[in-house]
Amino acid sequence: MDSRHLTPEQIRHLTYIPSSKPQDFTLDENLPRLAKNWQFVPSQSTASFRFLDNLPVELRHIIISQLDLVSLYNLGRANKRSAELLYSHLEYNAIITHAWDAFRGALSIRVGHITCRELYKTLCTRNCQGCGDFGGYIYLLNLKRVCFLCFTEGRFYFPVTKRLACRKYALEVEDVDKLPHMKSWLGDYSSAKIRIIGDEVLVDCETAYNAALKIHDSSQSINQASFVRELHRLRDWARTNYEPLENPDLPGLPQAKEREKGLYLCDEKAGNPHRYAAIVPAPWFDSCRRQAERGLHCIGCRDLEIVPFHWRRKYTAESFKEHLRECGQIEKRRHRKSGSRKAEDGDDDRAKKRRRI
């Protein structure tokens, strides 16, 4: 069967949408359950809102597009007419309808400086900005569209504490204080349900890295400076924290206090709860058709966890055809052997690109 000529019916038989949402425990699953804004708005207002009502429609829409999320949230509660004007705005309406979790998530972690236009643009972005796959999530700290594999395993797309940013990228506290930041929301994150305390200041990993590049000129210089700092830090720890306490198991030997994790243990990939602390699922909004798509899963990749056959990858109808050309046709609910050889030989371009991220 030629994948280029698949009918919509054939694509439906070769793909599926999970019957239940995977329990990833991202930011949205830790926020309180709130009704969407429009449920508080009556069918008709009884008062005007002169500031916006007196403006031409085009100018009004330009102003709303440039407002940040905090201002939009407050404006929607000024009076009934102001809420009506907001819901008549196409960009705002699309956000509230299809990315409500992104809106309230941004407010909760204090990144409400994002504008309506910026969030709408990300909502209308289809592909992951890390690997090019269909992106089913929004990373709120730097407002990028990402896929599951990139935000759980990629080099960037997750926040870190200020202290870790200083250690990892050889930055001074003053440098990190200037970076955009968020406040963590109390809850359990990742499939392991690891607890994160609330109101912890976190900075974006990629932004911190770019700031370090301006200081150290190259990635190699950053690594060298970080390595030297770690050596000094371990030396200082050994000098100040190795106390001559009696070891109950070995009397007469000194006992050391526990030290911080080494840098190589501070990420822990998918098990790092901070990787989920600024992530919300969000469909792709097709602005031309005014429809939202959440992506399809390949039935031939079900239960597999090796790229390019990973079951968490998502597709549109068109990108699914490309997936079949790349990995082979599906027979008996599995890709042909010729397709699976690509995963074994490591020839998949997306896998290579994801490893570099």
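All letters in the sequence shown, in the order written, are residues 1 to 357 by full-length UniProt numbering. Just so it is clear, CB atoms sit at the ideal spot from N, CA and C, and this is done for glycine as well.
Query raised in the report: Pairing CB atoms from the stretch 180-197 with CB atoms from the stretch 23-30, are three or more of them under 8 Å?
Result: yes
**Report entry** Same chain, Cβ closer than 6 Å to LEU119, neighbours up to 5 away in sequence not counted
**Finding:** Here the question's residue 119 lines up with position 119 in the sequence shown. Same-chain partners within the cutoff: ILE95.
Query raised in the report: Three-state secondary structure (DSSP) at LEU202?
Result: Counting from one through the sequence shown, the residue named residue 202 turns up at place 202. In this structure, LEU202 counts as strand in the three-state DSSP scheme.
Query raised in the report: At what residues does the beta strand (DSSP E) containing ARG145 begin and finish?
Result: Mapped onto the sequence shown, residue 145 falls at position 145. Looking at the DSSP string, the run of the beta strand (DSSP E) that includes ARG145 is 144-146.
Report task. May I have the straight-line CA-CA distance separating ASN276 from LEU231, to the nearest angstrom? Result -> By 1-based counting over the sequence shown, the position of residue 276 is 276. By 1-based counting over the sequence shown, the position of residue 231 is 231. According to the sequence provided, residue 276 is Tyr. The question's Asn does not apply to it. Going from the Cα of TYR276 to the Cα of LEU231 covers about 30 Å.
Query raised in the report: Around the Cβ of ASP101, are there at least 16 other Cβ atoms within 10 angstroms (buried) or fewer (exposed)?
Result: Within the sequence shown, numbered from 1, the residue matching residue 101 stands at position 101. By the neighbour-count rule (16 or more Cβ atoms within 10 Å), ASP101 is buried.
Query - alpha helix (DSSP H) segment containing TYR120, residue limits - result: Position 120 of the sequence shown holds residue 120. From DSSP, the alpha helix (DSSP H) with TYR120 extends over 116-123.
**Report entry** Stretch-stretch touch, CB-based, cutoff 8 Å, three pairs: the stretch 102-122 with the stretch 81-94
**Finding:** yes
Query raised in the report: From CYS131, VAL203, ASP236, pick the residue whose C-alpha is nearest to that of ALA278; which is it?
Result: The sequence position of residue 278 within the sequence shown is 278, counting from 1. Residue VAL203 is the option with its Cα nearest to ALA278.
Requested in this report: Would you decide whether THR115 is buried or exposed? Buried here means 16 or more other CB atoms lie within 10 Å of its CB.
Outcome: As a first step, residue 115 must be located in the sequence shown, where it is residue number 115. It is buried - the Cβ of THR115 has at least 16 other Cβ atoms within 10 Å.
Report task. State the start and end residues of the unbroken beta strand (DSSP E) segment that holds GLN291. Result -> In the sequence shown, the residue the question calls residue 291 occupies position 291. Note, GLN291: beta strand (DSSP E), 291-293.
Query raised in the report: What's the gap between the Cα of HIS297 and the Cα of HIS274?
Result: By one-based count along the sequence shown, residue 297 stands at place 297. By one-based count along the sequence shown, residue 274 stands at place 274. Going from the Cα of HIS297 to the Cα of HIS274 covers about 26 Å.
Query raised in the report: Whole alpha helix (DSSP H) runs in the stretch 162-207 with 4 or more residues, listed along the chain?
Result: 162-169, 173-177
Query raised in the report: Taking DSSP as the reference, what is the three-state secondary structure of THR152?
Result: Position 152 of the sequence shown holds residue 152. Looking at THR152 - three-state DSSP - the assignment turns out to be helix.
Report task. Using the DSSP secondary-structure output, state which residues sit across from TRP284 in a beta bridge. Result -> Residue numbering aside, residue 284 sits at position 284 when the sequence shown is read from its first letter. GLU293, per the DSSP bridge assignment.
Query raised in the report: When the Cα of ASN272 is compared with those of ASP177, THR152, LEU107, which residue comes out closest?
Result: Position 272 of the sequence shown holds residue 272. Comparing Cα positions, the closest option is THR152.
Query - Coarse secondary structure for HIS98, derived from DSSP in three states - result: The sequence position of residue 98 within the sequence shown is 98, counting from 1. It is helical.
Query raised in the report: If you run the structure through DSSP and keep just helix, strand and coil, what is GLU331?
Result: Start at 1 with the first residue of the sequence shown, and residue 331 comes out as number 331. In the structure shown, GLU331 sits in a strand (DSSP, three-state: E or B).
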